[in-house]
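Using my numbering, read the sequence shown as starting at 6 and increasing by one per residue.
Glycine included, every Cβ here is placed at the ideal spot set by N, Cα and C.
Beneath this line is the structure, given in structure tokens, with notes to follow.
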Amino acid sequence: MAKSYGALFLLSLIVFSLLQTMVMASSGSRVNYNPKRYGPGSLKRSQCTKECNRRCSQTQYHNACILFCNKCCRKCLCVPPGYYGNKQVCSCYNNWKTKEGGPKCP
Numbered sequence: 006m007a008k009s010y011g012a013l014f015l016l017s018l019i020v021f022s023l024l025q026t027m028v029m030a031s032s033g034s035r036v037n038y039n040p041k042r043y044g045p046g047s048l049k050r051s052q053c054t055k056e057c058n059r060r061c062s063q064t065q066y067h068n069a070c071i072l073f074c075n076k077c078c079r080k081c082l083c084v085p086p087g088y089y090g091n092k093q094v095c096s097c098y099n100n101w102k103t104k105e106g107g108p109k110c111p
């Protein structure tokens with residue numbers, strides 16, 4: 006009898022864990038960024054240096070990151086939020102590719 010209660014308890018914990026995972030996954034982790042602050046054309050050319058320093062502050066390839074970030078910022082007038090990713094916020098920054106098809110902007 007005690008074994009069946011233990012098994013039932015274990016099964017209920019597993020079901021609860023699965024349900025919690027499904028709820029967390031369905032709520033999504035999308036973050037909406039203010040388009041006036043991060044969207045295309047949201048910066049002036051004079052702001053690019055500061056924003057690229059922020060964007061590239063945690064990379065081990067700091068000089069290359071700064072070079073390409075500033076180049077992209079001067080063209081697109083935006084730098085995505087955060088240190089990595091979030092390029093969908095700035096379509097120009099996201100879509101500018103190298104000759105080989107890789108991303109031009111860090």
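If you draw a straight line from the alpha carbon of residue i to that of residue j, how long is it in whole angstroms?
i	j	result
Lys-49	Glu-105	29 angstroms
Leu-24	Leu-15	14 angstroms
Tyr-89	Asn-99	12 angstroms
Gly-11	Thr-26	23 angstroms
Trp-101	Pro-108	6 angstroms
Ile-19	Ser-9	15 angstroms
Asn-68	Thr-103	18 angstroms
Tyr-66	Leu-13	53 angstroms
Phe-21	Arg-59	41 angstroms
My assumption, with CB atoms under 8 angstroms, is that residue i sits in contact with residue j. Please give the rounded CB distance.
i	j	result
Lys-92	Pro-86	Contact doesn't hold; Cβ gap of about 10 angstroms is too wide.
Cys-112	Arg-79	With the chain running from 6 to 111 in the structure shown, residue 112 is simply not present.
According to DSSP, which residues form a beta bridge with residue i?
i	result
Lys-102	Pro-108
Under 6 angstroms Cβ to Cβ from residue i, same chain only, skipping five residues before and after it: list those, please.
i	result
Cys-70	Cys-61, Thr-64, Pro-111
Once the 5 residues before and after residue i are set aside, which same chain residues still bring their CB inside 8 angstroms of it?
i	result
Cys-57	Cys-70, Ile-71, Cys-74, Asn-75, Cys-78, Val-84
Apart from the five residues just before and just after residue i, which ones in its own chain have a Cβ nearer than 7 angstroms to its Cβ?
i	result
Gly-46	Leu-82, Cys-83
Tyr-43	Cys-83, Pro-85, Pro-86, Val-94, Cys-95
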